[in-house]
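Taking it in order: structure first as structure tokens, then the write-up.
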Amino acid sequence: MPVYDPAMEDGFTTRAIRASTRVPRVDQPPSSVPIYQAATFASADADELGAVTTGRQPGYVYARLGNPTVDALAEAFAALHGAEAGFAAATGMAAIHLAVASQVAAGDRIVATRALYGTTRSLFSTVLARAGVATAFVDATDSAAVEAALAAAPTRILYLETISNPTLVVPDLAELAALAHRHGATLVVDNTFASPYLCRPLELGADLVVESATKYIAGHSDVLAGAVAGSRPLIDAIRALHVDTGGTLAPFSAFLVLRGIPTLALRMERHQATASVLADLLEGRPGVHRVWYPPRPSHPQHAIAARQLGGGGGMLAFELDGGAAAGRAFIDALRIPERTASLGSIHTIVVHPPSTTHRQLAPDQLAEAGIAPGLLRVSVGLEDAADLAADFERALGAADPTTAAADSPGARPAIT
Ligand SMILES: Cc1ncc(COP(=O)(O)O)c(C=O)c1O
Numbered sequence: 000m001p002v003y004d005p006a007m008e009d010g011f012t013t014r015a016i017r018a019s020t021r022v023p024r025v026d027q028p029p030s031s032v033p034i035y036q037a038a039t040f041a042s043a044d045a046d047e048l049g050a051v052t053t054g055r056q057p058g059y060v061y062a063r064l065g066n067p068t069v070d071a072l073a074e075a076f077a078a079l080h081g082a083e084a085g086f087a088a089a090t091g092m093a094a095i096h097l098a099v100a101s102q103v104a105a106g107d108r109i110v111a112t113r114a115l116y117g118t119t120r121s122l123f124s125t126v127l128a129r130a131g132v133a134t135a136f137v138d139a140t141d142s143a144a145v146e147a148a149l150a151a152a153p154t155r156i157l158y159l160e161t162i163s164n165p166t167l168v169v170p171d172l173a174e175l176a177a178l179a180h181r182h183g184a185t186l187v188v189d190n191t192f193a194s195p196y197l198c199r200p201l202e203l204g205a206d207l208v209v210e211s212a213t214k215y216i217a218g219h220s221d222v223l224a225g226a227v228a229g230s231r232p233l234i235d236a237i238r239a240l241h242v243d244t245g246g247t248l249a250p251f252s253a254f255l256v257l258r259g260i261p262t263l264a265l266r267m268e269r270h271q272a273t274a275s276v277l278a279d280l281l282e283g284r285p286g287v288h289r290v291w292y293p294p295r296p297s298h299p300q301h302a303i304a305a306r307q308l309g310g311g312g313g314m315l316a317f318e319l320d321g322g323a324a325a326g327r328a329f330i331d332a333l334r335i336p337e338r339t340a341s342l343g344s345i346h347t348i349v350v351h352p353p354s355t356t357h358r359q360l361a362p363d364q365l366a367e368a369g370i371a372p373g374l375l376r377v378s379v380g381l382e383d384a385a386d387l388a389a390d391f392e393r394a395l396g397a398a399d400p401t402t403a404a405a406d407s408p409g410a411r412p413a414i415t
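The sequence shown: position 308 = 307 (numbering that gives the first Met the number 0), numbered continuously.
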């Protein structure tokens with residue numbers, strides 16, 4: 000390969016460009032994946048450029064077609080899920096869009112759980128519907144209803160969440176994978192709430208697992224990213240669609256997610272230990288109508304959760320008797336949690352789903368998804384459990400329905 004050495008006879012700017020973009024040779028591999036902050040990669044000659052660009056030879060040309068740091072994340076994600084291949088995208092939604100859109104065309108049909116992240120629901124019921132792809136929403140804990148929906152018309156995809164957002168529904172993935180396959184559908188599972196530490200849906204029969212790596216995998220509320228893993232042909236279709244649609248993950252973002260992966264297990268252990276303390280504190284308390292935490296006997300799918308999840312996880316939800324006004328009072332009284340709308344972070348985050356994560360849903364859709372006006376979702380962070388428990392105690396006092404005026408059902412408070 001002809002190596003260009005900046006020569007003194009070249010003009011100043013030519014030398015400046017060449018001198019500042021020579022890549023150092025490193026014979027001892029670094030202990031972390033380098034950030035390949037480059038949009039373009041140079042080939043040795045025209046033949047190589049053609050071969051790499053058309054995929055006849057492995058390599059890099061242009062970062063939308065591939066970037067080594069982003070590929071390192073894709074491979075790490077695939078390895079965590081025991082998958083043949085993986086792909087990393089700009090956000091969780093980009094990953095979900097790629098996972099679904101790479102398998103459907105106008106006239107196709109999807110069956111999806113109705114306990115679904117609000118933006119995913121919106122993707123199905125607006126964006127994909129406009130493109131001629133219909134979605135039937137079902138109660139994924141009712142296998143007869145899922146089977147009836149799959150049998151009603153040819154279906155390309157059954158779409159589920161391992162632990163659904165925000166009511167922590169835990170569908171039986173192995174049973175539903177078998178149902179999907181019997182009806183010729185692939186199973187796509189959003190595993191964001193669980194993370195690969197708690198659940199690996201491909202081991203239970205899913206065809207693709209998708210996650211917002213923004214959440215537990217990265218873990219620090221400082222990056223947006225998404226990832227998909229599954230068989231090589233399904234991931235190849237995703238890679239091809241991504242070339243045409245973009246949604247490319249930045250190399251620095253990929254680095255930040257890779258940086259989170261080694262401590263995922265430690266963080267999940269701490270998240271779930273504290274979540275269990277808070278669930279204990281909330282359940283049965285006056286003013287708390289109901290608590291959802293998968294390992295607790297009061298959780299409707301706790302038996303499925305016990306065999307499907309490697310722990311309770313860091314997410315819990317609860318409904319206050321005082322409705323939306325009590326929820327607002329609770330959030331405002333908290334000292335430690337951040338008033339924001341995400342999950343899976345070092346920070347504890349308490350959200351009111353009807354006004355934040357599920358704002359796109361109409362009141363009847365909220366009711367159908369089991370989202371009551373007083374529902375609060377907690378993503379338990381890594382702060383000291385005793386501090387959070389004291390904070391929640393104080394906030395429960397502030398949310399006492401005898402002091403906080405209850406809103407009418409369906410009222411939409413602005414909490415964020
Ligand atoms: C379950 C679930 N899936 C996907 C997403 C989308 O992720 P992102 O914000 O990285 O696009 C979210 C975001 O909150 C989520 O909660």
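Here a beta-carbon is modelled for each residue, glycine too, at the ideal position from N, C-alpha and C.
As assigned by DSSP and simplified to three states, the class of residue i
i             : result
threonine 421 : Nothing can be reported for residue 421, as the shown portion of the chain is limited to 0 through 415.
leucine 22    : Rather than leucine, the amino acid found at residue 22 in this sequence is valine. It is coil, neither helix nor strand.
leucine 72    : helix
valine 99     : helix
glutamate 282 : coil
valine 349    : strand
valine 276    : helix
glutamate 318 : strand
glycine 396   : helix
valine 86     : The question names valine, but residue 86 in the sequence shown is phenylalanine. In this structure, phenylalanine 86 counts as strand in the three-state DSSP scheme.
glycine 229   : strand
glutamate 8   : coil
threonine 112 : strand
Burial state of residue i, where buried means 16 or more other Cβ atoms lie within 10 Å
i                 : result
glutamine 102     : buried
arginine 327      : buried
proline 352       : buried
threonine 119     : buried
glutamate 318     : buried
glutamine 300     : buried
arginine 266      : buried
threonine 53      : exposed
phenylalanine 136 : buried
arginine 21       : exposed
serine 354        : buried
serine 30         : exposed
arginine 306      : exposed
methionine 314    : buried
glutamine 56      : exposed
serine 344        : buried
aspartate 141     : exposed
serine 19         : exposed
Whole-angstrom distance between residue j and residue i, CA atom to CA atom
i                : j                 : result
leucine 175      : leucine 186       : 8 Å
alanine 111      : glutamate 210     : 16 Å
alanine 304      : glutamate 47      : 51 Å
alanine 274      : serine 230        : 34 Å
valine 25        : alanine 239       : 32 Å
threonine 339    : phenylalanine 391 : 17 Å
leucine 79       : arginine 14       : 44 Å
valine 169       : valine 208        : 15 Å
proline 1        : aspartate 44      : Caution applies to proline 1, whose pLDDT of 46 falls short of 50 and renders its modelled position unreliable; the value that the coordinates give is listed next. Approximately 9 Å between the Cα atoms of the pair.
histidine 346    : aspartate 70      : 28 Å
leucine 280      : phenylalanine 86  : 40 Å
cysteine 198     : leucine 248       : 24 Å
glutamate 282    : alanine 152       : 42 Å
proline 226      : glutamine 359     : This sequence places alanine at residue 226; proline is not what is there. Approximately 24 Å, taken between the alpha carbons.
arginine 17      : valine 222        : 32 Å
alanine 177      : valine 188        : 14 Å
alanine 316      : serine 194        : 18 Å
phenylalanine 76 : phenylalanine 329 : 37 Å
valine 460       : glycine 396       : Shown here, the chain extends from 0 to 415; a query on residue 460 therefore has no answer.
proline 165      : proline 28        : 43 Å
alanine 62       : threonine 39      : 6 Å
alanine 272      : alanine 104       : 44 Å
serine 220       : alanine 212       : 10 Å
valine 349       : valine 60         : 43 Å
alanine 217      : aspartate 9       : 45 Å
threonine 191    : aspartate 320     : 29 Å
leucine 127      : aspartate 363     : 21 Å
histidine 288    : glycine 106       : 43 Å
alanine 84       : isoleucine 237    : 11 Å
Cβ-heavy atom distance, residue i to ligand 3, below 7 Å
i              : result
asparagine 164 : Because ligand 3 does not appear in the structure shown, any question about it cannot be addressed here, the ligands present being ligand 1.
Below-8 Å beta-carbon distance, residue i vs any chain C residue
i           : result
leucine 201 : Reference to chain C is not applicable here, since this structure consists of a single protein chain.
Every unbroken alpha helix (DSSP H) inside the region 242-269 [4 residues or more]: 250-259
Counting only runs of 3+ residues fully inside the region 143-215, write out the beta strand (DSSP E) ranges in chain order. 156-160, 185-189, 207-211
With a floor of 4 residues, list each alpha helix (DSSP H) that falls wholly inside the region 354-386, ordered by position along the chain. 362-367
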